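Engineer: Using my numbering, the letters of the sequence shown correspond one by one to residues 636 to 993. Every residue, glycine too, gets a C-beta built ideally from N, C-alpha and C. Please read all numbers here as calculations on a predicted model, not as lab measurements. Handing you this structure, nothing more for now.
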Amino acid sequence: MTKKILVLPGDGIGPEIIAEAEKVLLALRDRFDLDIVLEHGLIGGVAYEQTGQPLPPATLEAARHADAILFGAIGGPQWESIQRDMRPERGLLALRSGLGLFANLRPAIVYRELADASTLKHEIVDDLDIMIVRELTSGIYFGEPRGIRTLENGERQGYNSLVYSESEIERIARMAFEIARQRDRRVTSVDKANVLEALELWREVTSSVAKDYPDVTLQHMYVDNAAMQLVRNPNQFDVIVTTNMFGDILSDLASMLTGSIGLLPSAALNEAGQGMYEPIHGSAPDIAGNNIANPLATILSVSMLLKYSLHDDAGSRRIETAVRQVLADGYRTADIYSPGTRKVTTGEMGDAVVAALK
Ligand code: NAD
């Protein structure tokens, strides 16, 4: 059956990097019979300019009916002073919550050719390939009650609530185990069960879900230790599953192990298996319009899209292999260029990946 992909380029370098990802999708359609149809929609600052809203209802409606969404980036200095609920970021948050995208998948991969970009030593990060599965719609970022109150003695007190229900823990744990089954079958659940009751429940529920996955090993780790281990020996991990806030911090830490944000994709999935795929970087207004942005994170987001929403493992691998090939052949956009390699534009990098698809 034909799969519908909604393409949302957004702002800044969004349209430039999305154009290259689309080249790859269309090449797969034309050369390898990928049965897809692409639709386009507005989001972010450009949507605000054209419709007065950062997430026009037509975009949300199209997203609900799409099998997957390919997203570029939103935001820019020209929209930083407009009223808060009209800012581009609001469009992205509204789309995530409108679709119930509760699982955020952030791989941290180091390509051998780019291991020098990492701030860690070669031997620590060589061939790194971790997947962080972060809970995205609950936990302390959403828990009630929350606020700033004034105590009887007149002092102000800020408070937030870390809340996780069994079903919320269970669905993110299942997602992590399912993903581990497509990888090295090892899950590390990161919590702070020694001090937080909510995460005592997290540990209990995760252990109970593990019983349904006897082929996957589960280990529990406290978050402070996990942060240390990620820097000491990141290769010990396969899949890490964790809460919203811990995942926020650990996924940024892990992505920086790779040293090149222009190369890292991400996905956000809901219970229906629908997903939104996007590079982890922003709209890079400082380089927008110059045809120098690195499109590889967006192209690798297409690889994730094929794997997790279209269940096309062969297509997904085909893209990954092509990206490895162009890096091995020395193609580099400005952000990852070093002497002795071949500097290319955004468009040339996309063309090189398309040519390398086998
Ligand atoms: P950024 O990720 O856009 O840029 C940080 C630095 O990395 C810049 O120097 C930029 O030129 C560079 N960079 C980013 N992507 C690159 C690529 N593909 N190729 C080469 N270089 C790249 O982060 P920022 O500067 O903090 O934010 C800029 C805007 O993006 C802001 O409006 C912010 O709100 C928005 N933003 C959007 C998202 C999103 O759409 N998901 C995420 C983060 C930030």
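(1) The ligand NAD and A708: does any heavy atom of the ligand fall closer than 7 Å to the residue's C-beta?
(2) By DSSP, does Y799 sit in helix, in strand, or in coil?
(3) Determine the extent of the beta strand (DSSP E) in which Q713 is found, giving its start and end residues.
(4) Tell me whether A698 is buried or exposed, calling it buried when 16 or more other Cβ atoms sit within 10 Å of its Cβ.
(5) Consult DSSP for N868 and reduce its assignment to one of helix, strand or coil.
(6) So does G647 have its beta carbon nearer than 7 Å to some heavy atom of the ligand NAD?
(7) In whole angstroms, what is the alpha-carbon distance linking I771 and H946?
(8) Compare the beta carbon distance of V745 and V874 with 8 Å and say whether it is the shorter of the two.
(9) How should A815 be labelled, buried or exposed, when 16 other C-beta atoms within 10 angstroms of its C-beta is the threshold for buried?
(10) Does the distance between the C-beta of E835 and the nearest non-hydrogen atom of the ligand NAD fall short of 7 Å?
(11) Return the residue from the list V866, A808, V851 that minimises the CA-CA distance to T877.
(12) Nearer than 7 Å: is that true of the beta carbon of L727 relative to any heavy atom of the ligand NAD?
(13) From the DSSP output, in three-state form, read off H855 for me.
(14) Please report the distance separating the alpha-carbon of G689 from that of L677.
(15) Could you pull the DSSP bridge partners for F881 from this structure?
(16) Taking the C-alpha atoms as reference points, what is the distance between Q996 and R838?
(17) Going by DSSP in three states, T686 sits in which element: helix, strand or coil?
(18) Have a look at Y912 and S901 and give me their C-alpha separation to the nearest angstrom.
Structural biologist: On the basis of the supplied data:
(1) Counted from its first residue, the sequence shown places residue 708 at position 73. Yes, the beta carbon of A708 sits closer than 7 Å to at least one heavy atom of the ligand NAD.
(2) Looking up residue 799 in the sequence shown gives position 164. In this structure, Y799 counts as coil in the three-state DSSP scheme.
(3) The residue labelled residue 713 in the question sits at position 78 within the sequence shown. No beta strand (DSSP E) contains Q713, which DSSP labels as neither H nor E.
(4) What you label residue 698 is simply residue 63 of the sequence shown in a count that begins at 1. Result: buried.
(5) Position 233 of the sequence shown, counting from 1, holds the residue named residue 868. The answer is coil: DSSP assigns N868 none of H, G, I, E or B.
(6) Here residue 647 is taken as the residue at index 12 of the sequence shown, counted from 1. Yes, the Cβ of G647 comes within 7 Å of a heavy atom of the ligand NAD.
(7) Mapped onto the sequence shown, residue 771 falls at position 136. Mapped onto the sequence shown, residue 946 falls at position 311. Before going on, a small fix: residue 771 reads as Leu here, not Ile. One C-alpha to the other measures close to 22 Å.
(8) Here residue 745 is taken as the residue at index 110 of the sequence shown, counted from 1. Here residue 874 is taken as the residue at index 239 of the sequence shown, counted from 1. Contact flag unset, no.
(9) Counting from 1 along the sequence shown, the entry for residue 815 is found at position 180. Result: buried.
(10) Taking the sequence shown and counting its residues from 1, one reaches residue 835 at position 200. No, the beta carbon of E835 sits no closer than 7 Å to any heavy atom of the ligand NAD.
(11) Here residue 877 is taken as the residue at index 242 of the sequence shown, counted from 1. The shortest Cα separation from T877 among V866, A808, V851 belongs to A808.
(12) One-based indexing of the sequence shown puts residue 727 at position 92. Yes; taking the cut-off as 7 Å, the Cβ of L727 has a heavy atom of the ligand NAD nearer than that.
(13) Against the sequence shown, residue 855 aligns to sequence position 220. Three-state result, H855: strand.
(14) Reading the sequence shown from its first residue, position 54 is the one you call residue 689. Reading the sequence shown from its first residue, position 42 is the one you call residue 677. In the sequence as displayed, the identity of residue 689 is Pro instead of Gly. The straight-line gap from Cα to Cα measures roughly 8 Å.
(15) Indexing the sequence shown from 1 puts residue 881 at position 246. None, per the DSSP bridge assignment.
(16) Residue 996 is absent from the model: the chain starts at 636 and stops at 993.
(17) What you label residue 686 is simply residue 51 of the sequence shown in a count that begins at 1. It is helical.
(18) For this step, residue 912 is matched to residue 277 along the sequence shown. For this step, residue 901 is matched to residue 266 along the sequence shown. So the alpha carbons of these two residues sit roughly 6 Å apart.
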